[in-house]
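Numbering (the UniProt record's numbering), first residue to last: 1 to 170.
Glycine included, each C-beta is placed from N, C-alpha and C at the ideal position.
Just so it is clear, the structure is predicted and the values come from calculations on it, not from any experiment.
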């Protein structure tokens with residue numbers, strides 16, 4: 001299977017056109033602007049400017065020339081900027097990774113260890129009970145499921161026994 005080129009011949013021609021036509025149009029706009037300014041500021045008293053219309057030619061010519069020049073040289077500018085910014089970003093990320101490692105380790109350690117709970121919430125009445133209780137102090141309902149295989153207690157939401165791994169029926 002033939003792989004298509006990223007930069008086609010038409011793309012290169014268009015880029016070359018922008019690289020030539022953009023600066024030329026920009027320079028023409030600047031020249032028009034300079035001529036219009038000279039004409040405007042060298043007027044005698046009560047004389048009307050003859051080339052005032054060049055301001056209206058210069059503004060769009062400068063703008064379009066600037067945009068086309070940016071399009072023509074955009075790839076070169078992007079390459080330059082990436083070569084300037086990537087090492088700084090890399091150093092910043094490495095610094096952040098190095099400085100936050102101990103904090104991340106502490107958080108992970110806390111998650112792995114878990115936080116001790118001092119109470120069990122009853123699934124029937126939603127009241128808090130002592131951690132070692134087997135029945136709710138408020139409604140008398142069971143606070144743990146008993147495994148039919150090993151007869152060990154499990155939490156009420158357990159689907160499998162924490163001790164033997166067998167399925168617990170509801």
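Spatial neighbours of residue i in its chain, beta-carbon cut-off 6 Å, leaving aside the 5 residues before and after
i	result
residue 162	154
residue 152	163
residue 150	163 and 164
residue 160	167
residue 133	143
Unbroken alpha helix (DSSP H) run spanning residue i, endpoints
i	result
residue 128	Careful: residue 128 lies outside any alpha helix (DSSP H), inside the beta strand (DSSP E) at 128-130.
residue 42	Taken as a continuous stretch (DSSP letters only), residue 42 belongs to no alpha helix (DSSP H), as it is neither H nor E.
residue 69	54-72
Residue i - partner residues in DSSP beta bridges
i	result
residue 160	167
residue 135	142
residue 153	146
7 Å CB neighbourhood of residue i in its chain, flanking five on each side removed
i	result
residue 21	68
residue 138	122, 125 and 127
residue 147	154, 161, 163, 164, 166 and 168
residue 130	119
Contact set for residue i: own chain, Cβ-Cβ below 8 Å, skip 5 residues either direction
i	result
residue 24	65
residue 42	none
Residue range of the unbroken beta strand (DSSP E) whose run includes residue i
i	result
residue 121	119-121
Nearest-angstrom beta carbon gap, residue j and residue i [assumed within contact, 8 Å]
i	j	result
residue 77	residue 51	At roughly 35 Å, the Cβ-Cβ gap does not stay under 8 Å, so residue 77 and residue 51 are not in contact.
Review point. Does the stretch 62-71 come within contact of the stretch 23-30, defined as at least 3 CB pairs closer than 8 Å?
Key: yes
Exercise for review: Inspect the CB distances between the stretch 15-24 and the stretch 68-80 and report whether three or more fall short of 8 Å.
Suggested key: yes
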